[in-house]
């Protein structure tokens, strides 16, 4: 009788830094996040960690939606498509570079949330964990 894991097999693909599936997995997640940002821009304020325009409460659904949320979605889609393309070209150095760029972007996101998030520090931590993941994957691939 074989052992079975309660963790789906695709999850392990995110931890295998040399996997050929890693760029596709990360790219797909980024593309889906970007599409969600364009379809439901109002929800992205809470998920990103900043309050809506004209609201002081970071979890409020009051306030207007900035067009920059659509730009955020386009950025996520662009990063995801770029990661997919570099991965399909079988360019390991390109994937490593994209992971490093993702780490820097996530640190930048954490700084934005720390400055403008009005105390939503759990989202700062989330962005820093994503930066740590991308940075570790880039470092391990070097």
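In the working numbering, the protein residues as written are 180 to 321.
Quick reminder that beta carbons are idealized off the backbone N, C-alpha and C, glycines included.
DSSP lists 232 as the bridge partner or partners of residue 243.
Our two residues, residue 243 and residue 217, have alpha carbons roughly 15 Å apart in a direct line. Counting along the chain, the unbroken alpha helix (DSSP H) around residue 288 starts and ends at 271-295. Its Cα nearest to that of residue 245, the residue 219 stands out among 186, 309, 191, 219. The region 260-280 makes no contact with the region 292-307, as fewer than three CB pairs between them are under 8 Å.
If the five residues before and after residue 222 are omitted, its C-beta is found closer than 8 Å to the C-beta atoms of 215, all from its own chain and listed in chain order. Pairing residue 313 with residue 190, the inter-Cα distance amounts to about 15 Å. Distance between residue 228 and residue 296, taken at the CA atoms: about 6 Å. For residue 252, same chain residues with a beta-carbon under 6 Å away, outside a window of 5 residues either side, are 213, 216, 217 in chain order.
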